[in-house]
Amino acid sequence: MLDNKKTNNSTCDVIIIGGGYGGIATGIYLQQCGYSTRILESSALPGGVSTVWRRGDYIFDGATNWVAGSSLSSYLHNMMSEVIDFEKLTFLYPEEFMRIYDGDTHFTVYTDTEKLREEMLRIAPEDRTVIDLFIKGIEDRKKVSIPFAKPMQLASPLEKIKILAEYAPFFFNFLKWKGTSIEAFVKQFKSKKMQRLFLRMYPHHDFFSMFAVISTLAWHSLSAAGYPYGGSEKLLAVMLEKYESLGGEISYKTPVAEVLIEKNRARGVKTAAGTEYQANTVIAACDGKHTLEDLLQGKYRNPFLEKKINRGVQKYPGLFQLSLGLKNKLDVPFHKYNVELTSPIAVTDKEECRDMMIRVCQEESGLSPAGTTTLIIHQRISDVNYWIQLRKENREKYRAEKQRVARELKREVEHFFGELSIACEDTASPATYKRYTNAYNASYQGWAPTPKQIGKEVPMTFRGLKNFYLAGQWVFPAGGITGVIRVARHVTQIICHRDRKNFPHS
Numbered sequence: 001m002l003d004n005k006k007t008n009n010s011t012c013d014v015i016i017i018g019g020g021y022g023g024i025a026t027g028i029y030l031q032q033c034g035y036s037t038r039i040l041e042s043s044a045l046p047g048g049v050s051t052v053w054r055r056g057d058y059i060f061d062g063a064t065n066w067v068a069g070s071s072l073s074s075y076l077h078n079m080m081s082e083v084i085d086f087e088k089l090t091f092l093y094p095e096e097f098m099r100i101y102d103g104d105t106h107f108t109v110y111t112d113t114e115k116l117r118e119e120m121l122r123i124a125p126e127d128r129t130v131i132d133l134f135i136k137g138i139e140d141r142k143k144v145s146i147p148f149a150k151p152m153q154l155a156s157p158l159e160k161i162k163i164l165a166e167y168a169p170f171f172f173n174f175l176k177w178k179g180t181s182i183e184a185f186v187k188q189f190k191s192k193k194m195q196r197l198f199l200r201m202y203p204h205h206d207f208f209s210m211f212a213v214i215s216t217l218a219w220h221s222l223s224a225a226g227y228p229y230g231g232s233e234k235l236l237a238v239m240l241e242k243y244e245s246l247g248g249e250i251s252y253k254t255p256v257a258e259v260l261i262e263k264n265r266a267r268g269v270k271t272a273a274g275t276e277y278q279a280n281t282v283i284a285a286c287d288g289k290h291t292l293e294d295l296l297q298g299k300y301r302n303p304f305l306e307k308k309i310n311r312g313v314q315k316y317p318g319l320f321q322l323s324l325g326l327k328n329k330l331d332v333p334f335h336k337y338n339v340e341l342t343s344p345i346a347v348t349d350k351e352e353c354r355d356m357m358i359r360v361c362q363e364e365s366g367l368s369p370a371g372t373t374t375l376i377i378h379q380r381i382s383d384v385n386y387w388i389q390l391r392k393e394n395r396e397k398y399r400a401e402k403q404r405v406a407r408e409l410k411r412e413v414e415h416f417f418g419e420l421s422i423a424c425e426d427t428a429s430p431a432t433y434k435r436y437t438n439a440y441n442a443s444y445q446g447w448a449p450t451p452k453q454i455g456k457e458v459p460m461t462f463r464g465l466k467n468f469y470l471a472g473q474w475v476f477p478a479g480g481i482t483g484v485i486r487v488a489r490h491v492t493q494i495i496c497h498r499d500r501k502n503f504p505h506s
């Protein structure tokens, strides 16, 4: 137990632990339903895993790549509009999802499905049948939407039947594609070149379900997955403005140490500084493992969450991020590139990378001053503990290793784009992400959407504990902005149902 007990006189209906997209969205929904809320965020800024670094006039945003449901062309827009004032945002819709370079071959992943089909046939004309199957999967996915109106646990038997009937096309599409991993799907291509290029569409994520792939490309094809001008920083600012305009409050640099419980009922929280905040309900929109082991001190169970943790269920990997602010504007299209390295780069003592992901952001992205460019270079890291332990045990070697990887990445970027005129730079390792977000395994998006896990949500409640709920990316495999907003909507509906209050959105 913590000493130095301090009482905070301001009480509210609901305390929300975590000021990322999920926590803010949950706060907005609850305020709309008449609850008073306070968000407690451990960092000095909102965002959680959507951490943004500012270096002078440059913004280094390694988080938000697109926002599914950003336009009226997607049914998800109805839900997203409940917590995001889209009229205050401008979105970019690139014609290319990404470009992949492999030796003397390049593969442009167009957002237009007919262009994508022609591009794939250019590379692998012998694989027309598989290519047509893939394109049809995207086209079919464009016609259906993920059901979000009501959590299934609140639906009556008759309502469940109606949901199944109404969304039958979605469930058919889901069942057709969910059980196939990217790794298994590429084996259907006769072309070895197409196999390599397709795997690098989602590099180091070959364990993903193909349903995640066709869903992403369907949103882009519909022009419903835009990049917000100003990136995560602008999107978070718009959501925070909405939250605070509804009367919600947020406290920064306020890490929560434990949930206060009386007679198996959450009644508030205690911070690391010893301050107590009283509330009738507590929601953990933060890391799932931290919630189980620290906030609840292992006293209450969530078997589904525990099973995922104890069995080492696949998560999104960690990231090594090199961010560069250039003095000039690169004459290349905005968005993403996957580039083969001239030589492998050791990213841990046992792990090498042979390609890199580069996001190019010119002034039209809102991340870079006029006439300049911001580059975000990512390397996926499986063994995140290497970096976490290295920082803990040998800070000097840790800094030297960060500099080495950054130096080798810069060499590769210059080999691809030519000599760079760098105004500023920043380097973040998995240990940096862990330190800023406390995310389990430094994972940037929670549980991976594998064939076995996609669609299997973690229950939001814990056995024997009342008035406490889990929200955020550890509930919904694949996470993402849309995923955590869907979770926020559902947890609010569950609380309204508990309290016999009206949920204002149909």
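Per UniProt numbering, numbering of the sequence shown is gapless, rising by one per residue and ending at 506.
From the three backbone atoms N, C-alpha and C, an ideal C-beta is built for every residue, glycine too.
For clarity, every value in this text was computed on a predicted model and none was experimentally measured.
Rounding to the nearest angstrom, what Cα-Cα distance links residue i and residue j in this structure?
i	j	result
R117	K466	52 Å
R301	R463	5 Å
L217	I138	7 Å
P459	I283	13 Å
F171	K142	13 Å
D3	T437	Any reading at D3 needs caution, since the residue's pLDDT is 45, under 50, leaving its predicted position unreliable; the model's value is listed next. One C-alpha to the other measures close to 25 Å.
Y252	G19	8 Å
A124	M194	6 Å
D420	E408	For the record, residue 420 in the displayed sequence is Leu; it is not Asp. The straight-line gap from Cα to Cα measures roughly 14 Å.
L235	F503	25 Å
E425	T374	9 Å
residue 507	I214	The displayed coordinates of the chain run from 1 to 506. Any statement about residue 507 would go beyond what the structure contains.
Y440	R500	35 Å
A212	G274	43 Å
S191	L154	48 Å
T159	Y167	It should be noted that the sequence gives Glu, not Thr, for residue 159. Approximately 12 Å between the Cα atoms of the pair.
R486	K410	39 Å
H106	F134	19 Å
R122	L330	28 Å
K136	L341	33 Å
Less than 8 Å between the C-beta atoms of residue i and residue j, yes or no?
i	j	result
R232	S209	The amino acid at residue 232 is misidentified as Arg; the sequence shows Ser. No, these two residues do not count as a Cβ contact at 8 Å.
M356	V384	no
V332	V405	no
G472	G22	yes
M201	I358	no
T461	Q314	no
I381	E351	yes
T271	T291	no
R489	Y75	no
Y110	E126	no
V49	I59	no
residue 508	A442	Any property of residue 508 remains undetermined from this structure, which presents the chain solely from 1 to 506.
P147	I163	yes
L222	V259	no
Y386	V360	no
G268	I422	no
F189	V130	yes
I84	M239	yes
F207	E183	yes
Kindly identify the DSSP beta-bridge partner or partners of residue i.
i	result
R404	Partner(s): none; R404 has no beta bridge.
G20	G47
F503	DSSP, once it has assigned bridges, lists no residue as partnering F503.
A284	I17, L470
V339	Y101, M356
T108	R99
Y58	R55
C424	G325
P228	F91
S209	S181
I377	L322, I358
W447	K315
Alpha carbons only, please: which of the options is nearest the one belonging to residue i?
i	options	result
D112	D102, I123, M98	M98
K242	I485, G27, V484, R489	G27
L40	K452, G325, E249, K193	E249
H204	G179, R354, L235	R354
P94	K299, L246, R486, W219	W219
S343	G103, R38, S156	G103
T492	A266, V475, Y35	Y35
C286	K136, V256, F320	V256
F174	H505, W474, G247, D140	D140
K452	K115, W177, L45, P303	W177
| Counting pairs of Cβ atoms below 8 Å between the stretch 421 to 437 and the stretch 387 to 395, do you hit three or more? | Yes, the stretch 421 to 437 is in contact with the stretch 387 to 395.
| query | Would you call the stretch 227 to 241 and the stretch 81 to 92 in contact, with 3 or more CB pairs under 8 Å? | reply | A contact exists between the stretch 227 to 241 and the stretch 81 to 92.
| query | Okay, do the stretch 471 to 490 and the stretch 61 to 72 touch, 3+ Cβ pairs below 8 Å being the bar? | reply | Touching, yes, given that three or more Cβ pairs across the two stretches are closer than 8 Å.
| said: For the pair the stretch 274 to 293 and the stretch 408 to 417, tell me if three or more CB-CB distances fall below 8 Å. | reply: Contact fails: fewer than three Cβ-Cβ distances are below 8 Å.
| Can we say the stretch 288 to 308 touches the stretch 363 to 379, given the rule of at least three CB pairs closer than 8 Å? | Under the Cβ criterion (8 Å, minimum of three pairs), the stretch 288 to 308 does not count as touching the stretch 363 to 379.
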